[in-house]
Structure formats: C-alpha cells, structure tokens
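Q: Pasting a structure below so you can have a look.
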Amino acid sequence: MAVTLSRAQKCLCVLSFLLLALMNFTTITAHDLGWHFKTGEWIFEHLQIPRTDIYGLNPNVLWIDLHWLFQILTFFTGHFFGLLGINLLRIIFLFLIFIFLLKTIDFSKNDSLLTWPLFILTALACQERFQLRPELMSFLFLGIDLFVLERAREKNEKALWILPFLQILWTNTEGLFMMGPALISVYLLENILEKKPALNHALIFILTVGACFINPYGLQGFLFPFTLLKEISFKQEAPSLMIGELKSPFSIENPTLSIYCFYILLGLGIILLFFKIKRVPKAHVLLFILFSGLATLSQRNIALFSLIAFVVILKNIKTADSGQRPADKYKSLILMKIFYLTGSLYLSWLIFSNQFFVRDQRIERFGLGIAPEIFPQKAIQYLAEYHSHEKIFNTLEWGPALIYEAWPQLTPFIDTRLEVAGEKRLNEYHQMIKNEGAWQDFSCILLDHIQKDSLRLISKLAQNPDWQLSYFDDMAVLFEKKREPEQKGVQRKEIVSENSIYSSLKKWLPFLPPEHLPPLSEIYRARLYLALGENARVEEIYSKVIISTPEWTEAWINLAYLEEEKGDIKKAITLLEGGSEYNPKSYQAYFNLGTLYLETNSLEKSLQAFQKAIRIKPTPEAQHNLAIVQERLFSNTQSD
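Below, the structure written as structure tokens:
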C-alpha cells in the first residue's frame, strides 16, 4: 500500500509542476528586461561592471547595478536560445524555487492532501511576480535559505556555513538581498528566546551581513536597498508615478486572482496560528507576522509572503488525514487524483485559450514573444527611422524598450531605473505628464494609451496646434512637432496587432470553440479613440465587447457616457443597468447610475444605486450625492 501511496503522490507532484510550467509559459511582461538584457551585453563586451549611467539618463551619477550576475545570465540565454530560452530559464527558476520549498517541508514524508492544493494556491498568488526579473532570483535564494535554516534546526547546524557564500551571490543579483540576514536573525532570535545555543547563528549572521559588502560598490552597494525604499516612497507621493504593485492588496477595488489567493493563504495562516500558536515554532510565527505585514503594505510583497506561508502552514498543520487507515487514505488520494486531473485540464484550457489572463485583466498571453504593452517595437522602429538622434519624451515604462531596441540611436528621457533618474528628473517627468512642462524642448512624444495620465495628455496634445499625431498602434502613440507653421497634419499611420497563438491555431483547427474574448489591445484602442474624440469608433469596439465579454464593465460605462453626451439619458441608464448586472462589484457603474437617476428624478432608484456604490467604496463624492438624494426624499415627504 505504501508504494501505491507514493505513486499517487508522484502523480499529483507531476501534475502540479506541469501546471506551474503552463501558467508561466507566457509572453514577457517585465518592463525592466530591456535594460537588463542590454546591460548584460555591455558587461560582456567591455568586461567591466558599469559604475555610472551608460545610457545617458544621468551620466554624472553613480549607478549601483547590483543585478549584474542576473544580467549576464539573461543576456547569454537570450543570445544563444532566444525567447524560448528566456521562457525556459524562467520556468527552471520556478521549478527550483518550489523544489526547495517542498524539500523544506519534507514533502516525501508529509503525505497530507493539502500539500498540492496549497502548491497551486501559492503559485497562483505569486504568478503576477513570476516574471524573468532579478526578483525571481531573490525568491530562489529565499527558498534555499529557508531550506538550510530549517535543516539546521532539525538536524545539525553545519549546513549554516553555506549561507554567507550564498549571500555573496544574492547581493550581486538583486536588491532584496537584505532578506538573507533578516531570515537568519529570525532563527537567531528564536534560539535566544528559547534559551538554546545561539553562537553559530550569531556568527553566521555576522558573516552574512559582511558578505553583503562583497559587491563592486562596497558600502554604497550595501546601502542600495535603502535607496530603493526612498524610490518607492517617491512613487507613492507622485500620482503620475503611482504603480499598482505598491498599493495595499486591501485597497484594490477589483482584486485579481493573485490577491484572492493571498487572502486565502493569509486566512489559513491566521487560523493556524490562532489554534496552534503554542505549538508553532517561534521562528515560524515571526516569519509569518513579518512577511504578512510586508504583504499588507504593498501587493508587490505578496509573492514573498506566499512562499513563506506555504512553508509555515504545511510544516505546522495537523493533517486531517493523519489518523486515516491506509485503505481510506488510498481512496482519498484516488479522489484527489481525479479532482486534480479534471481541474488541471480545465485550467489548462483556460490558459491555452487566454481566458485565464483576459478575465483577470492581465496583459500576459500564452506562448512566446514580448507583450506589446511593455515593448512597442513597431512604434520605436518608426521613431528610429524618422527621428534618429532627436530629443524625445517617453512614457516611463517604455524607457527600457527604447534602450533595448534603439540605443544609442535614441536616448529615452526616462526609464524604470528611478534611483538613477533622481528626484529632479522624476519631478520633470511628473510635470510633463500633467502637461505643465516645456514641450518646446522635444521634437517627439512617445506615449502609451493605457494609463489614465497618458490618455489625459493625449487628449490635450490632440487639440494642440503645435503637435500632430503621426503614428499609433494598439498600445503606443507618437506625436511629432510641426516643422513649419503652415504645415498641416500628416496622414497618421495606424498599426493593428497580430492575432494570438490560439486564434492563429484556430485557422488550422476550425473545430476549436471561439475565444469569445476581446484582445486587451482592443480595450486600449477604444480608450485612445475616446481621448481623441472619435466616438463612432469607440461605439463600434465597445458594442462588440459587451456581447463577447459582458463582465467587462468599462465597456458599458463608456457606452453609457457616449449616449449621455448625445442626450439619450434613457439608453445610458439601460447600459449602466446592464453593466451593474454583470458586475455587481463595480463602484463606477452604480455611482454613474445613481447620478443619472438623480437627474431624471428617480429618487428611490438613485438612493439604492448610491447605497450600493458606498458599500463597494465609500468615497466622499458618493456620500455627498447620497445626502442630496435623502434630502430631496425628505422634502418630498414633508410636502406630501
């Protein structure tokens, strides 16, 4: 019977790793990969680590590039094996991360049925951060350190002496390297609290901190994580630089699947600690509290917490099947295999058809290549062809793409290395996005039409007589300064994106069902047309969207807005009612609906709409409007 159980567990293990690979065999969406790849190439060609900015953003400022080992690895992988190699390298790292996590919980001896559901739950919670970027290396080092520290506690402490050497690699790979000493300090504190011998842990902690100084920049490299904290603080203060990953996972209006999985892991961990706090090792309690605190502050830390939670929960949970007879356990594992196989096939289908990503409103797509949202290759090629060596302004997230595709022919105004840009350049960028900067200093403006700030700027530039829209595609727009006062607008060039792998495959396999999902690029294109005032094209796109993907509330809301502009309030209300029906968690749909009901004096309906909006998000605007409705209802009652 034991052999059968082992085979069953192996089957679940293989399925889990196959799903992990499938979920992450996607288009590349890491903005920073462009400058990481290019820097790896530069290091190989010059045989030195850059000390100042080689890309001209701020050449007189020290550039602390602690990612150089990752950059060299990425460059060689991409150079010799292309995009397939990049994707496979990412999946290899993910496999290694979870192998060390499973070895940490000693899964070969832990035959709990919860192991594999928690495996998939953790993978889903981390997926938004599972991009090929230096952070992935930190996840791997985190898993290795946990494995070593747990083995040292349970068996012997000799393994601890590998940690300082691992720390040297970590320090020269990614800016989260201070997590290494932090992990060791937790286990050191546990020994002190439990009055156990702590000398070895103390020595390892000192050596590991010392290893952080072994980098090309010495003390300045050691202090680099604190520079990143300052950068994050500036991002939080500047609205135009506000990045979703820095927000708390509890402040998101429409949480993604990763955030829901985080909620579950957090809840499971809290329940575990509540019922078993006295039996859970102090190190595990401290780790859970520390990393859950980090995750609740910023959703970019969800992956770090989830990897820790996976270990803490499975090493401490009292399994529900621990007292089962072998025959009962065998039946449970057979049921689990059936459930896993069925669920795996369904999830695989969702991933393969891209429904998994589109419904979660994510830009990844199944397959190879680079997502156009982070790499507007055609727009940059057009820019390089007609505006070589001219001064351009660009969206921050597209700076790495400009470096990769066109440097030194084109130099970006800014890129994602905010610590290199400095506050002065960041403030200039902030002002430019608000249309308050000196546009006469630039000859071209390259923007995305995805973010709200960019769309507002596009709308203003389209009305500015000094600028003309010369190019746009699914993600990018290019404005050129008019060369002569009498010059009229040139004929703009519009590029349509290529089909997805699934839709291309359907041409050869017509029996496959339709996707029934609009490409995300269509949504972005509709937003651009709305900013440009081309309402007929907006209606054309959104009318298709509400049929193919009715849960996409934005389409209903914007169509209602256009009908309101025409003066057809009744049709606008009908559209908003449809949108709120398909997505009852949309604050904007209920708020707009309440406003239109108020305009048409449908006070009872307006009251209900604003109440629903406030339950979703209690904003001052909704509360103010609700007070107006209540006052009118009261006045009507008094008059009757």
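In this text, residue positions in the sequence shown follow my numbering: the first is 1, and each later residue adds one. Just so it is clear, CB atoms sit at the ideal spot from N, CA and C, and this is done for glycine as well.
1) Thinking just about the alpha-carbon of each residue, which of Y386, T171, I616, F610 is nearest to the one in F250?
2) Taking the straight line between their C-alpha atoms, what separation do you get for V629 and E534?
3) Between the C-alpha atoms of G578 and N254, what's the straight-line distance to the nearest angstrom?
4) Looking at C-alpha atoms only, which residue of L314, W556, F339 is the closest neighbour of T122?
5) Between the stretch 523-532 and the stretch 452-464, are three or more C-beta pairs nearer than 8 Å?
6) Going residue by residue through the stretch 550-634, where are the continuous alpha helix (DSSP H) segments of at least 4 residues, counting only ones entirely within it?
7) Residue range of the beta strand (DSSP E) that K155 falls in?
8) Tell me, please, which residues DSSP counts as bridged to Q468.
9) Does the contact criterion of 3 or more C-beta pairs under 8 Å hold for the stretch 126-146 versus the stretch 86-100?
10) Distance check for D441 and K391, CA to CA, integer angstroms please.
11) Anyone know if the C-beta pair for Y590 and A613 falls short of 8 Å?
12) Compare the Cα-Cα distances from L69 to each of E41, I54, P59, F95 and report the closest residue.
13) Between the stretch 145-157 and the stretch 91-107, can you find at least three pairs of beta-carbon atoms closer than 8 Å?
14) Short of 6 Å in beta carbon distance, which residues of its chain neighbour A559, apart from the five on each side in sequence? Order them along the chain.
15) Can you give me the start and stop residues for the alpha helix (DSSP H) that D453 sits inside?
16) Which same chain residues, not among the five before or five after W467, have their C-beta less than 8 Å away from its C-beta?
17) My assumption, with CB atoms under 8 Å, is that E554 sits in contact with I523. Please give the rounded CB distance.
18) Distance, Cα to Cα, K570 vs I363?
19) Taking a contact to mean a Cβ-Cβ separation below 8 Å, would you say D448 touches W35 in this structure?
20) Which of helix, strand or coil does DSSP assign to L447?
21) I need the straight-line Cα distance from Q608 to I557, nearest angstrom please.
22) Assign G218 to buried or exposed, taking buried as 16 or more other Cβ atoms, counted over all protein chains shown, within 10 Å of its Cβ.
23) Am I right that F310 and L118 are in contact with their C-beta atoms under 8 Å? What's the rounded C-beta distance?
24) Relative to the C-alpha of N58, which residue among M432, Y561, P412 is closest?
25) Would you kindly check if the distance between the Cβ of S138 and the Cβ of M178 is under 8 Å?
26) Name the one or two DSSP bridge partners that L62 has.
27) Looking only at DSSP bridge pairs, what is N394 linked to?
28) Quick one: using the 10 Å Cβ neighbour count with 16 as the cut-off for buried, is H31 buried or exposed?
29) Take the Cβ of W349 as the centre, count every other Cβ of all protein chains shown within 10 Å, and call the residue buried at 16 or more, exposed below.
30) Under the DSSP definition of a beta bridge, which residues are partnered with T26?
31) Please identify the residue among D360, N435, L410, A211 whose C-alpha is closest to the C-alpha of N464.
32) What residue ranges within the stretch 260-299 form continuous alpha helix (DSSP H) runs of no fewer than 4 residues, ordered along the chain?
33) By how many angstroms is the C-alpha of S470 removed from the C-alpha of Q487?
34) Could you give the C-beta distance for S675 and D474, rounded to a whole number, given that I count them as a contact under 8 Å?
35) By alpha-carbon positions, which one of Y561, Q71, L22 ends up nearest to K38?
36) Using a Cβ-based criterion (distance less than 7 Å to any ligand heavy atom), does S443 qualify as near the ligand HEM?
A: Straight from the coordinates:
1) I616
2) 35 Å
3) 18 Å
4) L314
5) yes
6) 553-566, 569-582, 587-599, 603-616
7) No beta strand (DSSP E) contains K155, which DSSP labels as neither H nor E.
8) E480
9) yes
10) 8 Å
11) yes
12) E41
13) yes
14) The residue asked about is misnamed: residue 559 is Leu in this sequence, not Ala. Closer than 6 Å at Cβ, skipping near neighbours: Y542, L575.
15) 452-462
16) W439, I445, L461, F479, E480, K481, K482
17) 7 Å
18) 35 Å
19) no
20) strand
21) 18 Å
22) exposed
23) 6 Å
24) P412
25) no
26) T52
27) L446
28) buried
29) exposed
30) F366
31) N435
32) 282-297
33) Any reading at Q487 must be qualified, since the residue scores a pLDDT of 46, below 50, and its modelled position is unreliable; the value itself is stated next. Computed Cα separation, rounded: 13 Å.
34) With the chain running from 1 to 640 in the structure shown, residue 675 is simply not present.
35) Q71
36) Although the ligand HEM was asked about, the structure shown includes no ligands whatsoever.
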